[in-house]
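Residue numbers (the working numbering): 3 to 651.
Built from N, CA and C at the ideal position, the CB exists for glycine as well.
Working notes, structure below.
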Ligand code: BES
Ligand code: ZN
């Protein structure tokens with residue numbers, strides 16, 4: 003990250019002592035005597051109990067949901083669905099138990115659903131409800147307004163999914179490994195739960211759920227809930243999520259997959275051909291879970307399983323509670339991409355337990371998680387390794403900042419996405435600037451104090467959502483009250499554009515080594531300068547990013563001949579293809595690039611490659627590959643690539 007000359011190197015602060023910690027919880031003066039200690043302990047218990055009292059939920063304004071929970075909210079969803087691969091739709095009933103706010107209408111989000119009829123239940127009597135579907139908004143879909151009678155208890159919506167649902171990918175059996183059964187998976191974040199379930203679809207509204215899902219016989223189904231580990235003969239699966247979650251965490255996958263245990267509370271689901279490989283790659287999953295717990299408190303969701311989806315899954319991972327969805331591109335044989343697991347696991351606290359109130363506060367999910375991920379990686383694999391990943395993250399951030407420009411409002415942590423697509427929030431700003439703020443606070447206050455703060459934060463906001471303002475207030479009260487000079491700095495981090503002068507103290511020894519090897523290689527064109535034998539994926543990425551942008555196709559050719567960069571794992575391939583295309587070497591790599599774009603649907607890989615092609619005289623090639631590949635992309639990836647290549651529809 004480019005830093006202004008006033009770079010803050012972080013002050014060294016003496017480790018806070020037990021007494022200081024007590025002072026900061028209870029607001030008392032430091033007096034090391036036992037009576038006071040006892041008194042303080044009682045006060046701590048009181049403080050904690052105070053935090054635990056159930057307060058009424060405060061609903062923040064959400065620019066991406068039509069629901070009005072302050073008028074009528076829901077507590078619980080009972081979902082009954084039949085999955086039909088022939089007609090590529092789901093049909094069923096979504097019944098909601100209403101919460102304590104009960105007005106005369108319930109408003110649910112909907113995107114392209116066919117609503118057959120709606121019934122309300124009141125004192126045991128069922129009657130047909132009047133409802134209206136509002137005019138469609140191009141980003142948000144169309145609200146369903148349902149009239150309620152006084153003291154309505156339940157609302158049941160009979161519906162089916164439309165022929166284009168942004169959340170759903172229906173894969174024909176040819177696009178799976180076994181080629182025997184088709185596959186279906188959902189992707190609800192950020193506002194696409196409404197395209198497969200009518201629901202209050204904002205991250206600030208939580209409900210529990212039970213689901214009964216019927217799938218073709220011989221197939222398996224999992225959800226973001228309690229799951230079975232074996233196929234059912236009749237194809238009927240039941241799920242319970244008894245802890246309240248927001249709609250973007252509703253998830254379903256249906257296919258031919260099996261389960262393998264990893265640890266006591268962890269396991270993996272994957273197509274049988276991939277299962278053993280996946281279990282080996284994820285060997286450390288249980289250790290990750292206990293490491294995370296040691297950092298920020300008990301894992302609140304019971305089990306933690308993951309499912310490996312087909313390669314068209316548009317993300318690296320999605321933190322669906324109890325069942326993280328993963329790209330198969332993370333299975334590379336040497337465990338070098340498992341920080342993704344640490345990331346999705348960390349969301350169990352930051353995101354799933356304490357949730358951003360609206361997508362304006364997306365960094366509260368992703369910035370916290372990226373910080374937490376790094377802490378898990380450091381605990382498990384050491385500072386040197388974790389810092390390598392952090393430095394690459396800072397490089398991503400610098401690239402994004404440079405592209406966006408330092409005055410771009412999207413470089414703020416707190417965003418204003420009213421009338422904008424929430425997709426606009428999904429940049430490295432939320433992930434890496436958010437992480438950097440937490441790193442900054444950690445360096446200022448010391449790990450011990452900062453970790454205690456984070457633990458209190460998760461405890462205080464658990465099963466609630468939070469805004470950036472709420473975070474700021476909490477930091478002010480709990481952490482920076484003794485360093486008031488920091489108040490403005492923290493405000494700037496959250497509410498200002500661009501980068502705030504600060505250079506994290508990462509260990510960059512490994513990358514310095516690569517710098518000098520590369521300098522020597524460039525000077526003498528001698529491959530012996532490059533000691534690549536022990537390089538992990540991260541060293542390769544750093545190396546490729548450090549190559550000069552001088553359109554030296556001969557060098558590209560010799561690097562490929564020596565290291566087969568075009569045939570490495572997807573992370574390296576993606577970086578290499580982007581570099582190659584920008585340096586006039588794209589045409590020579592046309593066949594592997596074509597193959598890559600046909601095979602993977604992960605948006606993070608697709609966009610930079612298509613973009614580089616578009617901007618470097620390969621636009622026609624990009625369009626024709628896209629034309630062939632798009633049938634295999636998930637709607638989320640498809641629309642993003644389409645927008646990049648052909649503009650917004
Ligand atoms: N929750 C996100 C994925 C996401 C973000 C989906 C926004 C839809 C909208 C997930 O936790 C994530 O961040 N995935 C990253 C991996 C991570 C290691 C940076 C991804 O998919 O690349
Ligand atoms: Zn994430």
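Cβ-heavy atom distance, residue i to the ligand ZN, below 7 Å
i: residue 534; result: no
i: residue 345; result: yes
i: residue 371; result: yes
i: residue 434; result: no
i: residue 368; result: yes
i: residue 425; result: no
i: residue 212; result: no
i: residue 176; result: no
i: residue 244; result: no
i: residue 78; result: no
Spatial distance of residue i from residue j (CA atoms)
i: residue 164; j: residue 578; result: 39 Å
i: residue 646; j: residue 610; result: 10 Å
i: residue 28; j: residue 386; result: Caution applies to residue 28, whose pLDDT of 29 falls short of 50 and renders its modelled position unreliable; the model cannot decide the point.
i: residue 160; j: residue 178; result: 31 Å
i: residue 634; j: residue 478; result: 49 Å
i: residue 230; j: residue 553; result: 54 Å
i: residue 176; j: residue 270; result: 23 Å
i: residue 48; j: residue 356; result: Low local confidence applies: a pLDDT of 39 at residue 48 is under 50, so the model's placement there is unreliable, with the coordinate-based value given in what follows. Cα to Cα, the separation comes out at about 22 Å.
i: residue 51; j: residue 354; result: Model confidence at residue 51 stands at a pLDDT of 42, short of 50, so the residue's coordinates are unreliable; what they give is reported in the following sentence. For residue 51 and residue 354, the distance between alpha carbons rounds to 22 Å.
i: residue 113; j: residue 142; result: 7 Å
i: residue 648; j: residue 441; result: 39 Å
i: residue 285; j: residue 490; result: 44 Å
i: residue 276; j: residue 311; result: 10 Å
i: residue 435; j: residue 376; result: 14 Å
i: residue 13; j: residue 241; result: Since pLDDT at residue 13 reaches only 29, below the 50 mark, its modelled position is unreliable, and the value read off the structure follows with that caveat. Taking the straight line joining both Cα atoms gives about 50 Å.
i: residue 597; j: residue 492; result: 46 Å
i: residue 239; j: residue 613; result: 42 Å
i: residue 372; j: residue 485; result: 26 Å
i: residue 188; j: residue 162; result: 15 Å
i: residue 256; j: residue 185; result: 6 Å
i: residue 360; j: residue 65; result: 8 Å
Residue i Cβ short of 7 Å to the ligand BES heavy atom set
i: residue 451; result: no
i: residue 191; result: yes
i: residue 385; result: no
i: residue 635; result: no
i: residue 317; result: yes
i: residue 428; result: yes
i: residue 66; result: no
i: residue 606; result: yes
i: residue 288; result: no
i: residue 580; result: no
i: residue 600; result: no
i: residue 540; result: no
i: residue 342; result: yes
i: residue 321; result: yes
i: residue 462; result: no
i: residue 349; result: yes
Closest Cα partner of residue i within the set the options
i: residue 152; options: 89, 357, 551, 105; result: 105
i: residue 90; options: 171, 70, 281, 130; result: 171
i: residue 562; options: 594, 185, 210; result: 594
i: residue 215; options: 202, 96, 327; result: 96
i: residue 332; options: 380, 637, 316; result: 316
i: residue 546; options: 530, 575, 536, 529; result: 575
i: residue 556; options: 580, 585, 569; result: 585
i: residue 67; options: 312, 241, 204; result: 204
i: residue 506; options: 235, 453, 223, 437; result: 437
i: residue 518; options: 504, 541, 497; result: 541
i: residue 480; options: 465, 454, 496; result: 454
i: residue 296; options: 618, 278, 314, 382; result: 382
i: residue 290; options: 227, 531, 379; result: 379
i: residue 69; options: 452, 264, 389, 206; result: 206
Rounded Cβ spacing between residue i and residue j (contact assumed at less than 8 Å)
i: residue 415; j: residue 365; result: 4 Å
i: residue 564; j: residue 529; result: 6 Å
i: residue 494; j: residue 482; result: That pair is no contact at about 13 Å.
i: residue 573; j: residue 534; result: Not really, about 16 Å apart at Cβ, beyond 8 Å.
i: residue 349; j: residue 209; result: Actually they do not touch by this definition, with Cβ atoms about 19 Å apart.
_beta strand (DSSP E) runs wholly inside the segment 436-518, at least 3 long, in chain order_ = Unbroken beta strand (DSSP E) runs of no fewer than 3 residues, entirely contained in the segment 436-518, are found at 466-468, following chain order.
*Secondary structure, beta strand (DSSP E): runs of 3+ residues fully inside the segment 204-280*: Qualifying beta strand (DSSP E) stretches, in chain order: 208-216, 222-225, 238-248, 254-257, 260-263, 268-272.
*asked:* My parser needs the beta strand (DSSP E) runs of 3 or more residues fully inside the segment 281-323; what are they?
replied: 306-310, all fully within the segment 281-323.
_As an exercise, report each continuous alpha helix (DSSP H) stretch of at least 4 residues that is fully enclosed by the segment 572-631, in chain order._
Unbroken alpha helix (DSSP H) stretches of 4 residues or longer found wholly inside the segment 572-631: 572-584, 592-601, 605-617, 621-631, given in chain order.
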